[in-house]
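Reading through the structure tokens given below for one structure.
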Amino acid sequence: MLAGRLSLATRRLSVEEVPTPDAGPGEVRIAVAAAGVCLSDVHLIQGALTPLHLQGDVVTLGHEVAGTVDQVGDGVRHLSVGDRVLLQAGEERDGTVHTRGVDYDGGWAEYAVARADTVVPIPDSLPFEQACFIPDAVSTPWAALTTTAQTRPATAVGVWGVGGLGAHAVQLLALLGAAPIIAVDPLPRARERALAFGADVALDPADPGFAQAMGAATGGAGLARAFDFAGVPAVREQAVACLGYRGRLTLVGLTDQPITVADGTRFSYLQQQILGHYGSEPADVTTLVALTALGRLEFSRSVSATVPLAEAARAVEMLERKEGDPIRIVLVP
Numbered sequence: 009m010l011a012g013r014l015s016l017a018t019r020r021l022s023v024e025e026v027p028t029p030d031a032g033p034g035e036v037r038i039a040v041a042a043a044g045v046c047l048s049d050v051h052l053i054q055g056a057l058t059p060l061h062l063q064g065d066v067v068t069l070g071h072e073v074a075g076t077v078d079q080v081g082d083g084v085r086h087l088s089v090g091d092r093v094l095l096q097a098g099e100e101r102d103g104t105v106h107t108r109g110v111d112y113d114g115g116w117a118e119y120a121v122a123r124a125d126t127v128v129p130i131p132d133s134l135p136f137e138q139a140c141f142i143p144d145a146v147s148t149p150w151a152a153l154t155t156t157a158q159t160r161p162a163t164a165v166g167v168w169g170v171g172g173l174g175a176h177a178v179q180l181l182a183l184l185g186a187a188p189i190i191a192v193d194p195l196p197r198a199r200e201r202a203l204a205f206g207a208d209v210a211l212d213p214a215d216p217g218f219a220q221a222m223g224a225a226t227g228g229a230g231l232a233r234a235f236d237f238a239g240v241p242a243v244r245e246q247a248v249a250c251l252g253y254r255g256r257l258t259l260v261g262l263t264d265q266p267i268t269v270a271d272g273t274r275f276s277y278l279q280q281q282i283l284g285h286y287g288s289e290p291a292d293v294t295t296l297v298a299l300t301a302l303g304r305l306e307f308s309r310s311v312s313a314t315v316p317l318a319e320a321a322r323a324v325e326m327l328e329r330k331e332g333d334p335i336r337i338v339l340v341p
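Numbering (the working numbering), first residue to last: 9 to 341.
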């Protein structure tokens with residue numbers, strides 16, 4: 009079968025023929041129908057991210073995967089050949105989370121093997137190219153909004169970075185009843201998208217009138233919740249400055265750079281908080297699938313492009329260069 013393989017020794021991505029895996033006991037094999045291309049994949053290729061638990065130095069990328077059950081291993085009773093499914097982005101082993109496509113082979117391939125308890129059935133109404141990125145691109149912002157930040161309805165929320173995760177954060181905040189939703193992005197197209205996805209206001213962070221516009225949008229009270237989906241130190245400093253009394257900034261975008269609080273006294277006096285966030289829980293994914301099946305969520309606008317698996321390197325380049333300001337590029341075997 010074809011698979012997009014990354015050599016950790018050289019950081020070289022190649023699409024090559026590898027043996028088709030078989031489902032072992034407690035596992036299923038799926039015929040992959042769609043696999044998302046995430047910024048984390050770019051970070052792996054560039055060397056900014058390195059697997060912690062990978063056996064060996066080569067891995068098939070892809071942690072956002074959907075397809076059809078193709079083979080059922082011994083002991084699996086709740087899944088059958090032909091079932092439409094998506095795969096959780098990782099699995100727990102000995103108390104440690106291992107990420108698919110990072111710590112073990114993922115779904116940039118024609119077939120993928122998964123432990124049966126990491127397989128989530130999806131309704132016929134949910135296309136594979138939309139289902140595949142619910143784990144991570146949708147579930148990560150959902151968990152950040154609901155679990156880490158505990159966002160409440162009718163509270164002012166700011167979203168910095170309206171890309172692959174931030175765009176879904178805006179959509180999910182509208183579902184949760186946050187208001188006003190204030191999107192912040194330097195790209196005009198991203199700001200337009202934020203408004204289409206449910207933001208009440210979209211601001212350019214470099215606008216000289218930014219602080220005045222933020223104050224007007226929040227009635228002078230500042231933000232109850234702010235989210236950094238960009239992973240940029242300057243974004244975090246600006247977001248902290250926009251927080252109100254007991255406001256919380258949640259860091260979702262990843263960076264190895266330090267964060268600076270310009271006015272520590274103000275930060276403490278207003279009892280503000282900065283929270284780290286990473287990933288999501290399996291229940292977040294199943295919740296989102298249920299909401300999608302009920303028509304509360306719809307992700308057709310999130311599929312920016314579909315690219316053949318054989319051209320995975322081109323898809324990575326498109327995301328790296330932000331061609332067309334993509335939300336999700338999807339590989340199709």
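For glycine and all other residues, C-beta sits at the position ideal for the given N, C-alpha and C.
Quick caveat, the model's predicted, so the values are computed rather than measured.
Nearest residue (CA-CA) to residue i, options the options
| i | options | result |
| --- | --- | --- |
| V45 | I38, Q96, R160, G109 | G109 |
| R197 | R254, A291, D212, G239 | D212 |
| V89 | D111, T107, H106, P129 | P129 |
| S48 | G70, R37, F275 | G70 |
| G171 | A301, L181, A145 | A145 |
| T126 | M222, P143, E319, L95 | L95 |
| T263 | R19, T18, A42, H51 | H51 |
| G230 | T273, F218, T18, R85 | F218 |
Close-in-space but distant-in-sequence residues of the same chain around residue i (CB under 7 Å, 5 per side omitted)
| i | result |
| --- | --- |
| S312 | G332, P334, I335, R336, I337 |
| A177 | P149, L153, V167, F235, F237 |
| G81 | A31, G32, P33, G34, E35, V36 |
| T28 | M9, Y119 |
| V269 | V248, F275 |
| T294 | V128 |
Distance CB(residue i)-CB(residue j) smaller than 9 Å
| i | j | result |
| --- | --- | --- |
| A164 | T226 | yes |
| T258 | D236 | yes |
| L317 | L14 | no |
| V73 | L16 | no |
| V26 | T68 | yes |
| A191 | V209 | yes |
| A120 | V40 | yes |
| Q138 | S310 | yes |
| V3 | A124 | The structure shown does not extend to residue 3, since the chain is modelled only from 9 through 341, so no value can be given for it. |
| A97 | G12 | no |
| R199 | L134 | no |
Sequence-distant residues of its chain with Cβ nearer than 8 Å to residue i (five each side left out)
| i | result |
| --- | --- |
| L283 | T156, A157, R256, L257, T258, L259 |
| Q179 | F205, G206, L305 |
For residue i: DSSP bridge partner residues
| i | result |
| --- | --- |
| P129 | V93 |
| L283 | T258 |
| G166 | I190, A234 |
| L211 | V192 |
| G44 | V338 |
| Q220 | Q220 is not bridged to any residue. |
| G174 | Partner(s): none; G174 has no beta bridge. |
| E35 | R123 |
Residue i Cβ short of 8 Å to the ligand SAH heavy atom set
| i | result |
| --- | --- |
| Q246 | Among the components of this structure there are no ligands whatsoever, and the ligand SAH is therefore not found. |
Beta-carbon contacts of residue i that lie in its chain and below 6 Å, excluding the five residues immediately before and after
| i | result |
| --- | --- |
| F141 | G44, E72, R336 |
| R244 | D236, I267 |
| L181 | V165, I189 |
| L278 | Y253 |
### Query
Which runs of the beta strand (DSSP E), 3 residues or longer, sit entirely within the segment 89 to 115?
Taking only runs of at least 3 residues, the beta strand (DSSP E) segments lying wholly in the segment 89 to 115 are 92 to 95, 98 to 101, 104 to 107.
### Message
Just to confirm the assignment: which complete beta strand (DSSP E) runs, minimum length 3, are found wholly within the segment 286 to 323?
### Response
Runs found: 311 to 316.
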